[in-house]
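The block underneath contains the structure these notes are about, expressed in structure tokens.
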Amino acid sequence: MSKSMNRVFLMGHIGHKPEMRTSKEGKPFARLRLATARYRGPDLPETTDWHSVFVYGNEADACVKYLEKGAMVFVEGNIRYWDNGEEDKNRYQQAITADQIRFITYSGRPSLENVDNSGLARNHNAVAHL
Numbered sequence: 022m023s024k025s026m027n028r029v030f031l032m033g034h035i036g037h038k039p040e041m042r043t044s045k046e047g048k049p050f051a052r053l054r055l056a057t058a059r060y061r062g063p064d065l066p067e068t069t070d071w072h073s074v075f076v077y078g079n080e081a082d083a084c085v086k087y088l089e090k091g092a093m094v095f096v097e098g099n100i101r102y103w104d105n106g107e108e109d110k111n112r113y114q115q116a117i118t119a120d121q122i123r124f125i126t127y128s129g130r131p132s133l134e135n136v137d138n139s140g141l142a143r144n145h146n147a148v149a150h151l
């Protein structure tokens, strides 16, 4: 068994309202464009990184139904790379395949912060305080 791991944890704001799409294999999914801030050091401005996140199953349905542009989400998943077959500078593409997604806000409005959409009972010690 390999001792390497492909695991990603991201928290950021979505750039547009998610839409349901269908893969070439006929599998429905939602695609999120997620913006995260990257610290570059003292006296340097933060930069914004944009990530493509693919969400499948019931979580995709929930994203489409409840999330709006500006909503903050926490994503856990893995990075996937593929060759799109074109001979240009963007030939190799990457995306995050979400295993879990948690809604921090639904639309970027502070009044809805820390909403738990997991549907699971949690004790106080298991909840991350953001």
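The sequence shown begins at 22 in this note's numbering and counts up one residue at a time.
The beta carbon of each residue, even a glycine, is placed where N, CA and C say it ideally should be.
Note that this is a predicted model, so its numbers are computed, not measured.
For K90 and D64, the gap between their C-alpha atoms comes out near 30 Å.
Here the C-alpha atom of A83 lies approximately 16 Å from the C-alpha atom of H34. Considered as a whole, the segment 81-105 harbours 93-104 as its complete beta strand (DSSP E) runs of no fewer than 3 residues, in chain order. Spatial neighbours of A92 in its own chain (CB-CB distance under 8 Å, excluding positions within 5 residues in sequence) are listed in chain order as H34, I35, F124, I125, T126, Y127, S128, G129. Apart from sequence neighbours up to five positions away, the residues of its chain that approach F30 with a beta-carbon distance below 6 Å are E97, ordered along the chain.
Bounds of any beta strand (DSSP E) do not take in H37, whose DSSP letter is neither H nor E.
Excluding residues up to 5 positions away in sequence, E97 lie with their Cβ nearer than 7 Å to the Cβ of Q121 in the same chain.
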